[in-house]
Amino acid sequence: APPRCRAGLAAAAPHRGDRVSKLLIGMVHLPALPGSPQGSLSMDGIEERAVGEARLLHGAGFDGCILENFGDVPFHKETAEPVTVAAMARLVALVNRALPGWRVGVNVLRNDARAALSIAAACGACFVRVNVHVGATATDQGITEGRAAETLRLRAALGAAVEIWADVHVKHGHSLSHPDIAAEAEDAVQRGLADALVVSGAGTGKPTDLDALRRVAALRLGVPVLVGSGATAETVGALLEVADGVIVGTALKKAAAAASGALAPLDPARLHAFVAAARAGS
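Okay, structure coming up:
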């Protein structure tokens, strides 16, 4: 059996107002993997970068990371290629081996929850992020439908203690079934059995709307609520007054490589500044 990580967020939810207990999750945005249109790096090179970035996040004081195939644009709507799943499993296993007991999550873009859950179960990851868990969302891949029934049944069949972190009003999308973010949050938990909710901005690196975050948190659905995009060292304090944790990537990148967007290298100074700002006033 794969090594078990420490409890994920839902198993040990932070207390609002206690900044020490709130989780900081850093993104490991993977470059284009083998088989994707822009794939050029060898797996050895991708492995070195992924493990190196995870180590940087761990060393700066982050509580965990999410490995995501961000470089694989354009994404399949629902089912990733087998080579993508194989490559991500290899990377997740390596990060878990390098940082045993650390919280590691998986997101297989655009919305392959079955692949992400399978990787997590086989490689010992704590959680998966699912962009569309319930309802239907118009995205650049077309209309993406949530498949909570399939995802939860697969988890039960695998006997996997893997949490499902579900986006509501996911970025780069427009909900067709839930115009009201509160209604989607309720369905994601009460009918989709999500273990945590993620509230994001309009796109990668775009700020999360504080009013939307407050509305979801105020529902008190019994699961943690996380910020999914746009957090910076300047805004994380205010966000953590409402949220139980943050997922951050863009704000941690080297400014000199900003043209590369989310695929730019991590900046160690920005990592430490973000953690310091998040923990300030604890």
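Per my numbering, the very first residue in the sequence shown carries number 1248; after that it's consecutive. We treat Cβ as the ideally placed atom computed from N, Cα and C, and that holds for glycine.
task = Identify every residue that forms a DSSP beta bridge with V1377.
result = In the sequence shown, the residue the question calls residue 1377 occupies position 130. Paired residue(s): A1413.
key: C-alpha distance - D1491 paired with T1384, whole-angstrom precision   = Sequence index remark: in the sequence shown, residue 1491 carries index 244 (1-based). Sequence index remark: in the sequence shown, residue 1384 carries index 137 (1-based). One C-alpha to the other measures close to 25 Å.
inquiry  = Spatial neighbours of Q1437 within its chain, please: C-beta separation below 8 Å, excluding the five flanking residues on both sides.
reply    = Residue numbering aside, residue 1437 sits at position 190 when the sequence shown is read from its first letter. So the list reads L1468, once near-sequence residues are dropped.
Supposed contact pair G1318 and L1277 - C-beta distance, whole angstroms, cut 8 Å = Within the sequence shown, numbered from 1, the residue matching residue 1277 stands at position 30. Within the sequence shown, numbered from 1, the residue matching residue 1318 stands at position 71. For L1277 against G1318, the beta-carbon gap comes to about 6 Å, under 8 Å, which counts as contact.
key: Length of the line joining the Cα atoms of D1310 and P1347   = Looking up residue 1310 in the sequence shown gives position 63. Looking up residue 1347 in the sequence shown gives position 100. The straight-line gap from Cα to Cα measures roughly 12 Å.
task = Taking 8 Å as the cut-off, decide whether the C-beta atoms of L1440 and L1401 are in contact.
result = Mapped onto the sequence shown, residue 1440 falls at position 193. Mapped onto the sequence shown, residue 1401 falls at position 154. Not in contact: L1440 and L1401 (Cβ atoms no closer than 8 Å).
ask   = So the beta strand (DSSP E) A1383 belongs to, where does it begin and stop?
value = Locating residue 1383 in the sequence shown gives position 136, counting from the first residue. Per DSSP, the unbroken beta strand (DSSP E) holding A1383 starts and ends at A1383 to T1386.
inquiry  = Under DSSP, the alpha helix (DSSP H) around T1331 begins and ends at which residues?
reply    = As a first step, residue 1331 is located in the sequence shown; it is residue number 84 there, counting from the start. For T1331, the uninterrupted alpha helix (DSSP H) run begins and ends at P1329 to A1345, by DSSP.
query = Got a sec, what are the start and stop residues for the alpha helix (DSSP H) V1355 sits in?
reply = Stepping through the sequence shown from its first residue, residue 1355 is reached at position 108. Following the DSSP letters along the chain, one finds V1355 in no alpha helix (DSSP H), marked with neither H nor E.
task = Report yes or no: is there a C-beta of chain B within less than 8 Å of the C-beta of A1502?
result = Given the protein chain composition of this structure (a single chain), no chain B is represented.
request  = Go ahead and pull the three-state DSSP assignment for G1420.
outcome  = By one-based count along the sequence shown, residue 1420 stands at place 173. G1420 falls in the strand class under three-state DSSP.
ask   = Which whole runs of the beta strand (DSSP E) in the segment 1423 to 1489 are 3 residues long or more, in chain order?
value = Runs found: 1443 to 1446 and 1472 to 1474.
query = Of all the options V1339, A1509 and H1305, which has the alpha carbon lying nearest to the alpha carbon of A1367?
reply = Position 120 of the sequence shown, counted from the start, is the residue given in the question as residue 1367. Comparing alpha-carbon positions, the option among V1339, A1509 and H1305 lying closest to A1367 turns out to be V1339.
task = Give the C-beta separation of L1460 and L1486 to the nearest angstrom, bearing in mind that I take them to be a contact with Cβ-Cβ under 8 Å.
result = Working through the sequence shown from its first residue, we reach residue 1460 at position 213. Working through the sequence shown from its first residue, we reach residue 1486 at position 239. Contact annotation, L1460 with L1486: C-beta distance approximately 7 Å; criterion of less than 8 Å satisfied.
query = Closest to R1517 by CA distance: which of A1464, G1382, G1306 and D1291 is it?
reply = What you label residue 1517 is simply residue 270 of the sequence shown in a count that begins at 1. Put simply, of A1464, G1382, G1306 and D1291 the residue whose alpha carbon is nearest the alpha carbon of R1517 is G1306.
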